[in-house]
Amino acid sequence: MCPSGRSLASNTQTTSDLRAAFDILDADHDGKISRDDLRKFYAGLSSGDPNDDDVIGSMISVADFNKDGFVEYEEFKRVLDDNGKKRSRNNGVMEDVFKVMDKDGDGKLSHEDLKSYMQWAGFDASDDDIKAMMKLGGGDDKDGLSFGDLLKILSIDL
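Numbering (our numbering), first residue to last: 116 to 273.
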């Protein structure tokens, strides 16, 4: 089920899940993941080293099938989607997203964590929107959201 309350077919949901992950990694929203996009993403991780160009380059080269230096959505999908079956790598991508969002590293997304991330990602979300997302995931302002709760919001079943 998606946030609008409608159910999605499983292959549509898989595509939607991958698109959501792609859009998060595409920091400048230009339709392709670049080295700079990955540096920005991993800079938000306490364990990530945004200056490790060799690691970033390796990530790009794994998915850059046309060798243009970028990862377009179809390339991203090809790496993470195996004929409609999600690979376990999706879980790792979403865990990385969660770690970036969890500013204090407590394993929960607070209202402020979620709002801050939404603003950073370029989404205009009001306090009421954030509360609605938290409620949809099964969390609240007091307890925050767990990783599983985030997956519920994104309708990802890993």
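Heads up, the beta-carbon is just placed ideally off N, CA and C, and yes, glycines get one too. Note that the structure is a prediction, hence the values are computed from the model and not measured.
DSSP beta-bridge partners of residue i
| i | result |
| --- | --- |
| residue 148 | 186 |
| residue 255 | 259 |
N-terminal and C-terminal residue of the alpha helix (DSSP H) that residue i is part of
| i | result |
| --- | --- |
| residue 264 | 262–269 |
| residue 172 | 168–178 |
| residue 252 | 242–252 |
| residue 112 | Since the first and last residues shown for the chain are 116 and 273, residue 112 lies out of range. |
Cα-Cα separation between residue i and residue j, rounded to whole angstroms
| i | j | result |
| --- | --- | --- |
| residue 199 | residue 136 | Low per-residue confidence applies at residue 199: pLDDT is 43, beneath 50, and the placement is therefore not dependable enough to give any value. |
| residue 248 | residue 151 | 29 Å |
| residue 179 | residue 235 | 26 Å |
| residue 257 | residue 192 | 36 Å |
| residue 266 | residue 143 | 23 Å |
| residue 262 | residue 233 | 16 Å |
| residue 226 | residue 269 | 16 Å |
| residue 194 | residue 169 | 19 Å |
| residue 184 | residue 213 | 26 Å |
| residue 259 | residue 224 | 5 Å |
| residue 242 | residue 216 | 16 Å |
| residue 120 | residue 250 | Caution is warranted here: a pLDDT of 39 is assigned to residue 120, below 50, making its placement in the model unreliable, and the coordinate value is therefore given only provisionally. So the alpha carbons of these two residues sit roughly 13 Å apart. |
| residue 228 | residue 154 | 20 Å |
| residue 134 | residue 244 | 21 Å |
| residue 175 | residue 211 | 16 Å |
| residue 218 | residue 187 | 28 Å |
| residue 158 | residue 231 | 15 Å |
| residue 190 | residue 156 | 19 Å |
| residue 147 | residue 140 | 9 Å |
| residue 209 | residue 145 | 21 Å |
| residue 138 | residue 177 | 18 Å |
| residue 181 | residue 246 | 42 Å |
Cβ-based neighbour list, residue i, same chain, cut-off 8 Å, excluding 5 preceding and 5 following
| i | result |
| --- | --- |
| residue 172 | 150 |
| residue 238 | none |
| residue 222 | 261 and 262 |
beta-carbon residue i near the ligand NAD non-hydrogen atom, thresh 7 Å
| i | result |
| --- | --- |
| residue 241 | This structure simply doesn't include the ligand NAD, nor any ligand for that matter. |
Close beta carbons around residue i, own chain, < 6 Å, minus the five adjacent residues each side
| i | result |
| --- | --- |
| residue 264 | 252, 253 and 254 |
| residue 240 | 233 |
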